[in-house]
Structures are given as C-alpha cells and as structure tokens.
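Trainee: Let me begin by handing over the structure; questions about it come next.
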Amino acid sequence: MRTTKWSIMATCFTVLGLTMSAVGGCAPAAAPTPMSKAAAPPPGTATAAPPPAPKPAAPAASATAKPAGPALTAKPAAPTATPKPAAEQPRYGGILTIGVGGDPPSLDVHREEAGFAFPIMAAAYNSLVKYDPHAWPESKVIPDLATNWELSADGKTYIFRLARGAKFHDGSPVTAEDVKFSFDRIRHPQSGLVKSPRRQLLDNVTNIDTVDDYTVNIKLGYPQASFIASTAIFFFAVMPKHVVLEKNNDMTKTMVGSGPFKFKNYTGGVGWEMERNRDYFVKGRPYLDGLKAYIIPDPFTRFAALRTKSILWWAPFPYMSVAQTRILEETLSDKIAVDWAFHPAWYGATFNVSRPPWSDARVRQAVSLTFDRKRMLAAGLEGAGVIGMSAQPPGEWQLPEEEMMKVPGYANPDLEGAKRLLAEAGFPNGFTADLLVRPTKPHRDTALVVKDAVRAIGIDLSLKIVETAVYMDARFRKAFDITAGGFGFGLTDPDTTLGQNYVTNAAANFGGYTNPHYDQLYLKQSQALDSAERRKIVWEMQRILLKDVPIAIAFWSNVPYARWREVRGFTPPVSYYNADQYQEMWLAK
41 MRTTKWSIMA TCFTVLGLTM SAVGGCAPAA APTPMSKAAA PPPGTATAAP PPAPKPAAPA
101 ASATAKPAGP ALTAKPAAPT ATPKPAAEQP RYGGILTIGV GGDPPSLDVH REEAGFAFPI
161 MAAAYNSLVK YDPHAWPESK VIPDLATNWE LSADGKTYIF RLARGAKFHD GSPVTAEDVK
221 FSFDRIRHPQ SGLVKSPRRQ LLDNVTNIDT VDDYTVNIKL GYPQASFIAS TAIFFFAVMP
281 KHVVLEKNND MTKTMVGSGP FKFKNYTGGV GWEMERNRDY FVKGRPYLDG LKAYIIPDPF
341 TRFAALRTKS ILWWAPFPYM SVAQTRILEE TLSDKIAVDW AFHPAWYGAT FNVSRPPWSD
401 ARVRQAVSLT FDRKRMLAAG LEGAGVIGMS AQPPGEWQLP EEEMMKVPGY ANPDLEGAKR
461 LLAEAGFPNG FTADLLVRPT KPHRDTALVV KDAVRAIGID LSLKIVETAV YMDARFRKAF
521 DITAGGFGFG LTDPDTTLGQ NYVTNAAANF GGYTNPHYDQ LYLKQSQALD SAERRKIVWE
581 MQRILLKDVP IAIAFWSNVP YARWREVRGF TPPVSYYNAD QYQEMWLAK
C-alpha cells in the first residue's frame, strides 16, 4: 500500500512540476580577522574548486538518529552532520531544487517572520556579521559585509569597516549609508509596511554615524554583551537605500541585496528562481549556478517530490514529520540524509491580555495548568522536541530543572487547580472564545491540542483558521482573543528570548503584555556583563512570567533538515531563523 500511495503522489507532482517549470551568544573578546578569500572560479560549470580548510566533524549521532522524546529532563537534540571525505572537493554548477511549504506574506526581510520567507530571502542578502556556517556545534559570529569590527573602551561604540568590493545586485556599491539606512528602517519604520518583530533588539542603539563610505559607528546607550550576537541574525540584512526610496519603501514584492544569489522571478503559489551572483564579493562563492524553489503546501506531495528526486532539498518549514523521517531512514537512508537540530522556537498559546477574560492572570494560569505537555509534544511535533513551560529555551539561562519540577502544571496537568482559578476569576462554568491559528501543520496541530486541553475546564474555543498573511496581520493589530502556534528566535540569549515577546511595546509582544518591574529587570540583565549576576536576574524574570503567563508555553522544537546526499556543504544552523545562504552548498553530481 505504501508503494502505491507514493507512486500516485509522485505522478501528481510530475504534473505539478511541468506546470512549475514555466516559472523561469556573547560578543568576542577581540575583533576577528577578515574572512579569507578563495580563488575566483574558473570558467565552466562542473570544475573542482579549492574549499576552505576542512574542520573535523564534532561527535554526533548518525544521520538517521531519531529526535529526543518528550522526557521531562530531555536536552535539545544535537545536530547531525554528514562529513565529506577529506579528498572531496566542491564543484561548481548545477541548480538546487527546493520544496517550500507555502507563500511568504511578503519579500521584505525587515518585516517578515514567517518561515516560508527564509529560503527566499537568505540567499539574496548579507548582514554586517553572521553566524559561521562551519562552526557547528558552536555559535560563532564572523564578518559578513563587515571585514572586522572594534569596540570602544567604554563598551558603547562598535566600529564596523565594510568590504570595499561588495556590490548590490544592481551594481551599486554597498556603503555605510546603506547600513545606517537599513538599521534605521528597522528601528524607526517610516511606513506601515515595515513592522519588524526584531525592532526591540535595537532599542539600545542611540545613534548610527557614517564616518566615510566604508566605516559605520553604531553607538549604544549601555554596554551590551549580546549586541554582536543579536545583529548576526540574518533579519538585519542591508538593503540599498536608493532602491528602497525609489520604491517608496515598499520591498514586499522584490529583493535587491548583495547576497550570493540574485532574485530572478517569483510567482505566488508556484515558485521562484534565483541565479548565481557572479559579482559576489566573497571570491569563489557561491558554487551553485542557481536555486529553483517549488511551493508545495501539501506535505504528502512535497514528501513524494523529495523521494522521487523532483526536489533535492526540503525547506524545513513546515517541518517534515517524524513518521516521514523514519520512512526515509528505512527506505532511502543511503540516498537521503536527515539532519536533526534543536531550534529555539516555543509552541503554545498567546493571550490578548488587553481583552477580558484574558486580562485576568488567573484565567491565563488556568489555561496553562490544563496542558499535558508530554501529550501535547507528542501530538504537536510527534515528540520531536523538549517540553517546556519557562520562557527561556533549554540551556544555560533556563530555570533549573529541579525548580521547574515544583511548578504546578509542569510535570503534569492540574485540572482541579485550573478549575479553582477559573471560578475565582468569575467563570465557574467556563466561557467561549475564538482561537486564531494559521493553517500550517505544527500550528494547526498545536491549536487542536490546546482546544482539547481547555475543554476539560469548560472553555470552548472556536478555531479560526486563516492564511499566514492574515494571521500575521491580526497578531500585529492585536485583533484576536487567543492564538495557538509558535514563535522562534535566532539565538537563545535572553535579550532575544525574554525581550521580543514580553517587553512593553516590543514589536513581537503580540498579546500586549506589560509589567514595569519586568521591563526594569530586562534592562538590568541586558547591561550585566557578569554572567553569574545576569543569570540571577534572568531567572527572576522567568519566575515573573510563570506567574503572569502572557504566553502559555507547551514545548520547544527540534527540526529535521532533509536533503539528497549529493547536496554537500550543509551544516545545521544554530537556529532555523538563521537560514542558510546556500553560499557553501554544492552538488556532487
């Protein structure tokens, strides 16, 4: 039966493919040295090229390792990587075909957060700095458009010097003015079109000065250990000022960056193409001639496309199911690799605290107490993750496990406690409300288990499933009662994870939560340069959120990356939200 089912799906995708073919951490102690440059590629499309010096692979589970199960003491799954043979050399040429789960709401990298957008945007842009794609399992920041950076003696001014050979895809040079314009566009949006969820990460920036065409100074209000790590997230891409102004600040339908691949065309609901940037300032990159993506919302059709080699790469969002990864392990492990990595993204429910009854913390606490987090992880991501309740993902900043085990509702649901709180809030028989959710599988599945959980205490949630763009807009406008789904981060530093969703007026504080004492602690921890002192403050902040429950977190996710093994040069990123630029990827055949 399985063979028949996949054969039918493969046939369906063949027809679809014919249609689509018409679519033409902490700051470093010292400034790093400039990125080494490889020799320029010779003519031709299938020539071997000298790669960077190979790094030994870190110990890891095999490529067929299964994700961590829903255990209370589980740790994030370590990424798996397939090391290349020592004698193997990267080759130029070929088109990487990609299966994507849906349309992005727009192509504006400064405003979007939808996972569909990353496979498109990451290849087109560069930032000042980025995470080293070869450094796994470390989170190492290296230069991108900046050749190096310096920090002033008082710790409040970063001096970035730009690569002089970097050009935008229209041929114009990348200058300090473009950097200033891009960062200011995120900090102080001049149009309703730009509503960056990352705006809060630049709140400490007081001024940006252009010293000359290739030097920019970014001044902070206070020394901030996480600043470099935060700006390495690819959302802080540099756009050409003149192009954005010519388009009246509307970059929703086009991309003009300086990245390894140039935007060629895009057809909503069908797919897009990108071509090699032959003037890319990193000599010898990229290896691929181009990228061709197909939008395939149905996960079964997308899975059939991968298995039949109609696509070589499964863009991770929406995630491949655990059941599908096991099919690959059992039938195609010699041809298709599945690389697992932890992703700092929580799944649960966000409350609009400006609306009753969600304005009452007792109601929000009651909902959280109904969560059977082990069951919800099993249903939402088939166990591929780590159960959670605290606002900080697993790692050095999270509350100790022994403390979390004492928090009501963490290890097991507390329905009697939930009913008592609901009665105290004036709802002994429960109430009805709307539950807003987007149609992608992990979000929809999370919504279903949330709906089922709260039914036990008399809360009847009516699912309102809307397209991703509508969902995002409703969250920004706070036009909802409660949402179910997830939110991910580019790194696990508290400036990011405890700021974006919870600080008053932060762009991604979709529920409108406000707590002046929490905001004060946030600023205090951000300024703390001693890690032990900072950890104490971060723990106190998590305790406040466990009491106020602006977001009821159920679990954190692991992510599978699936690709045909001839796709080389890929290492799982430190976060899915630091999407791969495809700069180092190449095809062995």
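Every letter in the sequence shown is one number past the one before it in my numbering, and letter 517, counting from 1, is 557.
Where is the CB? At the ideal position from N, CA and C, for every residue including glycine.
Note that this is a predicted model, so its numbers are computed, not measured.
(1) Output the distance between the C-alpha atoms of residue 131 and residue 162, rounded to the nearest integer angstrom.
(2) For the beta strand (DSSP E) that residue 199 lies in, which residues bound it at each end?
(3) Determine the direct distance from the alpha carbon of residue 320 to that of residue 147, and round the result to whole angstroms.
(4) Taking the alpha-carbon of residue 313 as reference, which of 346, 378, 354, 164 has the nearest alpha-carbon?
(5) Taking C-alpha atoms, which residue in 327, 160, 430 lies nearest to residue 626?
(6) Please give the ranges of any beta strand (DSSP E) in the segment 372-431, keeping only runs that are unbroken, at least 3 residues long and fully inside the region.
(7) Using only alpha-carbon positions, find the residue among 476, 470, 509, 480 that is nearest to residue 495.
(8) Can you tell me whether residue 474 is helix, strand or coil according to DSSP?
(9) From 477, 316, 358, 551, pick the residue whose C-alpha is nearest to that of residue 601; which is it?
(10) Would you kindly check if the distance between the Cβ of residue 271 and the Cβ of residue 191 is under 9 Å?
(11) Is the distance from the Cβ of residue 355 to the Cβ of residue 141 below 9 Å?
(12) Taking DSSP as the reference, what is the three-state secondary structure of residue 238?
(13) Does DSSP classify residue 191 as helix, strand or coil?
(14) Does the Cβ of residue 173 have 16 or more other Cβ atoms within 10 Å, making it buried, or fewer, making it exposed?
(15) Taking just the CA atoms, how far does residue 568 sit from residue 200?
(16) Given this structure, state the Cα-to-Cα distance separating residue 415 from residue 424, to the nearest angstrom.
(17) Could you give the DSSP three-state label for residue 484: helix, strand or coil?
(18) Starting from residue 525, follow the beta strand (DSSP E) in both directions and report where the run begins and ends.
(19) Between which two residues does the alpha helix (DSSP H) harbouring residue 266 extend?
(20) Checking 9 Å against the spacing of the C-beta atoms, do residue 540 and residue 240 come in under that value?
(21) Taking all protein chains shown into account, decide if residue 617 is buried (16 or more other Cβ within 10 angstroms of its Cβ) or exposed.
(22) Using 9 Å as the threshold, is the C-beta distance between residue 482 and residue 387 below it?
(23) For residue 582, tell me which candidate among 377, 562, 596 has the shortest Cα-Cα distance.
(24) Which parts of the segment 499-578 are runs of the beta strand (DSSP E), unbroken and 3 residues or longer, counting only runs that do not cross its ends?
(25) Pair every Cβ in the segment 474-493 with every Cβ in the segment 433-447, then say whether three or more of these pairs are closer than 8 Å.
(26) For the segment 303-363, which segments carrying the beta strand (DSSP E) assignment without a break, of at least 3 residues, lie completely within its bounds, in sequence order?
(27) Looking at residue 259 and residue 217, is the spacing between their C-beta atoms short of 9 Å?
Mentor: Walking through what the data contain:
(1) 22 Å
(2) 197-202
(3) 21 Å
(4) 164
(5) 327
(6) 376-391, 425-427
(7) 470
(8) strand
(9) 358
(10) no
(11) yes
(12) If DSSP states are grouped into helix, strand and coil, residue 238 belongs with coil.
(13) Correct three-state label for residue 191: strand.
(14) buried
(15) Their backbone Cα atoms lie some 24 Å apart in a straight line.
(16) 12 Å
(17) helix
(18) 522-528
(19) Per DSSP, residue 266 belongs to no alpha helix (DSSP H) and is neither H nor E.
(20) yes
(21) buried
(22) yes
(23) Taking only the C-alpha atoms, the option nearest residue 582 is 562.
(24) 499-505, 522-528
(25) no
(26) 311-316, 330-335
(27) Result no, Cβ atoms of residue 217 and residue 259 do not sit closer than 9 Å.
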